[in-house]
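Novice: Encoded as structure tokens, here's the structure I'll be asking about.
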Amino acid sequence: MTVTWEDLGWERVAAGVGRCRLPVWDCTAGLVAGEGAVLLIDAGSSPSEGARLREQARAITGHRVTHLALTHPHFDHVFGVAAFTDAEVFGAVGVDGVLTRVRDREELRADAVRNGLAQATAAEAVDLLSPPRHLVSGEWTLDLGGGRQVLLANVGPGHTAHDLAVLVPGDPEVVFCGDLVEESGDPQAGPDALPSHWPAALDRLLDLGGEDALYVPGHGAVVDAAFVRAQRDALAARFGVSR
Ligand SMILES: [Zn+2]
1 MTVTWEDLGW
11 ERVAAGVGRC
21 RLPVWDCTAG
31 LVAGEGAVLL
41 IDAGSSPSEG
51 ARLREQARAI
61 TGHRVTHLAL
71 THPHFDHVFG
81 VAAFTDAEVF
91 GAVGVDGVLT
101 RVRDREELRA
111 DAVRNGLAQA
121 TAAEAVDLLS
131 PPRHLVSGEW
141 TLDLGGGRQV
151 LLANVGPGHT
161 AHDLAVLVPG
171 DPEVVFCGDL
181 VEESGDPQAG
191 PDALPSHWPA
201 ALDRLLDLGG
211 EDALYVPGHG
221 AVVDAAFVRA
231 QRDALAARFG
241 VSR
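Residues in the sequence shown are numbered from 1 upward in steps of one, following the numbering used here.
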């Protein structure tokens, strides 16, 4: 028997679609159940957190995670990938370089430690990183069976040079935004952000989901199109980008 989303502390967003807010960094992991296939969105902040997500996904859906989409290469979203070696992994084109180049891996490790991840855990996670097998430059439709199709869309750059969003059609439609949208605080623009491109990335996100979609941010509560539009305008003002 499968357990419910709520049993494991997940939030059901639509039929067969849910998310959880992971501890410490309040990072979102998303889950979309098809028939015989299950998509996880982001892998958590450590190999052990990835393994926990894997177990919870199986408990909720009754099936192993067959597909993993990485929204962007930051430690709290990708350090759990080692738990999904038997899944088809997707990322925006260029993520492969960030996860394999020595200098980028070292920066990921250092950023994780700066943010409070234990030294040994960060070192282990970086050792176990592997690039996605499938690189998305445009859009990619995934068929998860049972009539469930999702769209992976390379909507960036913005928060990073490699931002991937996931659109799940349905009623309501659900858009997993990665850290292009944050609700629990101002969007984090680190040294790898491309602020001048960020408002346009949010325009593409809004085009994808439309007015009635639910937008799941990388950090914080689920929001609506009006919130995303307001964040777009705030980012444009913050970074001096004209319309
Ligand atoms: Zn991020």
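Beta carbons: idealized from backbone N, C-alpha and C, even for Gly.
1) Taking its Cβ as the centre, do 16 or more other Cβ atoms sit within 10 Å of GLU35, making it buried, or is it exposed?
2) Measure the C-alpha to C-alpha separation of GLU211 and ALA225 and round it to an integer number of angstroms.
3) Any chance the CB of ASP179 is under 6 Å from a heavy atom of ligand 1?
4) Is HIS74 near ligand 1 - that is, is its Cβ less than 6 Å away from at least one heavy atom of it?
5) Name the two residues that bound the continuous alpha helix (DSSP H) containing VAL113.
6) Rounded to whole angstroms, what's the CA-CA distance from THR141 to HIS134? Just pull it up for me.
7) Exposed or buried, what is SER46 when buried is set at 16 or more other beta-carbons lying within 10 Å of its beta-carbon?
8) Going along the chain, which unbroken runs of the beta strand (DSSP E) with 3 or more residues stay wholly within the stretch 68-101?
9) Counting C-beta neighbours from all protein chains within 10 Å, is the total for GLU182 16 or more, i.e. buried, or is it exposed?
10) Measuring straight from C-alpha to C-alpha, what distance separates THR4 and PHE90?
11) In the DSSP assignment, find the alpha helix (DSSP H) that holds ARG54 and state where it starts and stops.
Specialist: With the structure as the only source:
1) Here GLU35 is exposed, its C-beta having fewer than 16 other C-beta atoms within 10 Å.
2) If I take the Cα positions, the gap works out to 5 Å.
3) Remark: the shortest separation between the CB of ASP179 and any heavy atom of ligand 1 falls under 6 Å.
4) The answer is yes for HIS74.
5) That run of the alpha helix (DSSP H) goes 102-114.
6) Each residue's Cα considered, the two are about 12 Å apart.
7) By the Cβ-count criterion, SER46 is buried, with 16 or more other Cβ atoms from all chains shown falling within 10 Å of its own Cβ.
8) As far as the stretch 68-101 is concerned, its whole beta strand (DSSP E) runs of at least 3 residues are 88-92.
9) Flag for GLU182 reads buried.
10) Straight-line Cα distance between these residues: approximately 27 Å.
11) For ARG54, the enclosing alpha helix (DSSP H) starts and ends at 47-61.
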